[in-house]
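Residue numbers (our numbering): 342 to 542.
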Amino acid sequence: MEEEEHSMINRLVRGVALPFVLAAVSSIGLVAQTSHKMANDKTETSSGQLAPADRQFIKKAAQGGLAEVELGKLATEKAASPEVKQFGQRMVDDHGKANDQLKQVASQKGITVPEKLNAKDAATKARLEKLSGKAFDRAYMQDMVADHTKDVSEFRTESKSAKDPDVKSFASQTLPTLKDHLKEAKSIAPKRTKPSPSGTH
Numbered sequence: 342m343e344e345e346e347h348s349m350i351n352r353l354v355r356g357v358a359l360p361f362v363l364a365a366v367s368s369i370g371l372v373a374q375t376s377h378k379m380a381n382d383k384t385e386t387s388s389g390q391l392a393p394a395d396r397q398f399i400k401k402a403a404q405g406g407l408a409e410v411e412l413g414k415l416a417t418e419k420a421a422s423p424e425v426k427q428f429g430q431r432m433v434d435d436h437g438k439a440n441d442q443l444k445q446v447a448s449q450k451g452i453t454v455p456e457k458l459n460a461k462d463a464a465t466k467a468r469l470e471k472l473s474g475k476a477f478d479r480a481y482m483q484d485m486v487a488d489h490t491k492d493v494s495e496f497r498t499e500s501k502s503a504k505d506p507d508v509k510s511f512a513s514q515t516l517p518t519l520k521d522h523l524k525e526a527k528s529i530a531p532k533r534t535k536p537s538p539s540g541t542h
């Protein structure tokens with residue numbers, strides 16, 4: 342009799358405990374699945390599941406921004422005109438700030454941005470380093486008009502067509518500054534390219 346009671350108690354305990362055990366196992370499985378999904382989502386974001394055009398834009402914009410800063414520093418040292426020196430300093434300040442913002446976006450997407458000039462930009466810098474005074478001013482401002490014309494076009498396109506919202510936001514927020522740079526460069530460049538009748542600038 343005592344043995345039967347013991348057996349009944351065991352069955353009762355198992356019957357009561359089993360649903361709780363199953364529920365606990367189910368909860369653990371759900372948590373594991375959720376954690377795995379969150380990890381995957383984070384990985385997809387951080388590893389940069391970007392459209393090829395967005396990825397290319399980030400790298401190209403970072404490379405261009407780096408060049409603008411380097412050439413701007415050169416202008417502050419070598420330009421003859423205070424106006425050109427001032428423009429060069431603005432390039433250092435504005436593009437330096439934009440570069441920092443872009444690095445944050447790139448880091449979130451798992452993209453490594455360039456840290457040094459590419460061959461083309463290095464050649465441009467080397468060419469300008471050989472110039473001084475008015476010759477430097479002319480060449481530098483001509484480059485700035487050409488560079489910013491291209492930049493404005495590329496940033497305008499990306500601000501409209503970027504798939505990634507962070508990339509699109511960066512392009513949209515930076516575009517007005519680039520337009521200002523282009524407008525200023527266009528206003529300065531003619532003064533440096535056409536000698537005045539008196540031969541002074």
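Where is the CB? At the ideal position from N, CA and C, for every residue including glycine.
Problem - Buried or exposed (CB count within 10 angstroms, at least 16 for buried), Lys491 - result: exposed
Exercise for the section: Please say whether Asp505 and Leu391 have beta carbons closer to each other than 8 Å? Expected result: yes
Handout entry: Three-state secondary structure (DSSP) of His522
Key = helix
Practice task
Sort Ala402, Arg396, Asp395, Pro393 by Cα distance to Thr515 and report the nearest one.
Solution key: Ala402
Practice task
Could you tell me which residues DSSP pairs with Gly474 in its beta bridges?
Solution key: Ala420
Exercise for the section: Determine, using beta carbons only, whether Ser494 and Ser513 come nearer to each other than 8 Å. Expected result: no
Problem - From Thr417, Lys450, Thr518, residue whose alpha carbon lies closest to that of Pro393 - result: Lys450
Exercise for the section: Select from Met432, Asp484, Glu470, Glu409 the residue whose C-alpha is nearest the C-alpha of Ala530. Expected result: Asp484
Handout entry: Length of the line joining the Cα atoms of Ala294 and Phe428
Key = Beyond the ends of the chain as shown, which are 342 and 542, falls residue 294; an answer cannot be given.
Practice task
Assign Gln390 to one of three DSSP states: helix, strand, or coil.
Solution key: coil
Practice task
Put Ile452 into one of helix, strand or coil per three-state DSSP.
Solution key: coil
Handout entry: Leu516 - DSSP class collapsed to helix/strand/coil
Key = helix
Practice task
Excluding the 5 residues preceding and the 5 following Gly566 in the sequence, name in chain order all residues of the same chain whose CB lies nearer than 7 Å to its CB.
Solution key: A question about residue 566 goes unanswered here, because the residues of the chain that appear run from 342 up to 542.
Practice task
Have a look at Pro517 and Arg497 and give me their C-alpha separation to the nearest angstrom.
Solution key: 10 Å
Problem - Option nearest Phe398 by Cα separation, candidates Ala416, Glu418, Ala447 - result: Ala447
Problem - Helix, strand or coil at Glu385 [DSSP, three-state] - result: Because Glu385 sits at a pLDDT of 39, beneath the cut-off of 50, its placement in the model cannot be relied upon, and the following sentence gives the value as read from the coordinates. Glu385: helix per DSSP, three-state reduction.
Problem - Beta carbon proximity, Gly451 to chain D, threshold 8 Å - result: The chain inventory of the structure shown lacks chain D, comprising one protein chain alone.
Exercise for the section: Consider the C-beta atom of Ala402 and the heavy atoms of the ligand NAD; say whether any pair is separated by less than 7 Å. Expected result: As far as ligands go, the structure on display features none, and thus does not contain the ligand NAD.
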